Amino acid sequence: SQQGEEDPQALSIQEGENATMNCSYKTSINNLQWYRQNSGRGLVHLILIRSNEREKHSGRLRVTLDTSKKSSSLLITASRAADTASYFCATVPNSGGYQKVTFGTGTKLQVIP
Amino acid sequence: NAGVTQTPKFQVLKTGQSMTLQCAQDMNHEYMSWYRQDPGMGLRLIHYSVGAGITDQGEVPNGYNVSRSTTEDFPLRLLSAAPSQTSVYFCASTWDRTGASPLHFGNGTRLTVT
């Protein structure tokens, strides 16, 4: 069953611009994670935000979490062509368990040089 | 560090054939999973394992078998391939049972069943 829904489904921006992707989910969570998938490759973990956190930074990445709205956003600042990839949010429910991680359908980001 | 290694990268099967997708990790992770990725559906859990000798079903287990004889290896067997099993398959592992740590993924096996 799908928990996270990303928005937009696809995003095309110029190099140097910021990219924002949103994730909405349905049930209470323990944490929310963002992953990147380059074409033909596996998912790579980017950042994890816990349910008691509101914002987290990692390099050019900024993640926010609003548990009252059951939503999260991923901001990539000063985008580069190498950021071209699909981005997925993944949620872990309150009951926990790595096997209960649920992935959204992803946002496909294209950064034009 | 190799991380999670999946073989083969590509496979074409005829309906009714069987095959095994291989997955190996060198991080000494107890917890491993198999997912399939289909367009517009995200990743769906097929089977998972909490350690050598212990496996359980995920969301979409029908048509697949797994075993875990060692910590390192977690093969996925397709018993009698069907066109509906055309997909990209990912193996993942983690050291943390609770889900509070990242999953490490292999680069996938793209399977086509004709």
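In order, the protein sequences belong to chains A and B.
Everything in the first sequence is counted per the working numbering, starting at 292 for the first residue and increasing by one.
Everything in the second sequence is counted per the working numbering, starting at 294 for the first residue and increasing by one.
Where is the CB? At the ideal position from N, CA and C, for every residue including glycine.
Predicted model, so just to flag it, every value in this text is computed and none were measured.
- Residue-level contact check: Arg327(A) does not touch chain B, since none of the beta carbons of chain B fall below 8 Å from its beta carbon.
- By the Cβ neighbour-count rule, Pro395(B) is buried, with 16 or more other Cβ atoms within 10 Å of its own.
- Counting only Cβ-Cβ distances below 7 Å, Tyr341(B) has contacts in chain A at Gln390, in chain order.
- Listed along chain A are Asn321, Asn322, Leu339, Arg341, Val383, Gly387, each with a C-beta nearer than 8 Å to that of Ala393(B).
- When only Cα atoms are considered, Cys314(A) and Lys391(A) end up about 17 Å apart.
- Residue contact check for Arg332(A) against chain B: a CB pair falls below 8 Å.
- Each of Arg403(B), Gln315(B), Gly333(B) was checked against the Cα of Ser360(B), and the nearest Cα belongs to Gln315(B).
- For the stretch 342-353 of chain A, there are no residues whose beta carbon sits under 9 Å from a beta carbon of chain B.
- Taking C-beta atoms as the reference points, Tyr382(B) and Arg329(B) count as a pair closer than 8 Å.
- Among the residues of the stretch 323-339 of chain B, those with a Cβ less than 7 Å away from any Cβ of chain A are Tyr324, Ser326, Gly333, Met334, Gly335, Leu336, Leu338, in the order of the chain.
- Beta-bridge partners of Ser362(A) (DSSP): Ser315(A), Asp357(A).
- Note on geometry: alpha-carbon atoms of Thr391(B) and Gly399(B) lie some 20 Å from one another.
- With respect to the 8 Å criterion, Ser380(B) and Gly309(B) are not classified as neighbours on the basis of their beta carbons.
- At a cut-off of 8 Å, the C-beta of Gly307(A) has no neighbouring C-beta in chain B.
- Contact check between the stretch 377-390 of chain A and the stretch 335-354 of chain B: three or more CB pairs, one atom from each, fall below 8 Å, which counts as touching.
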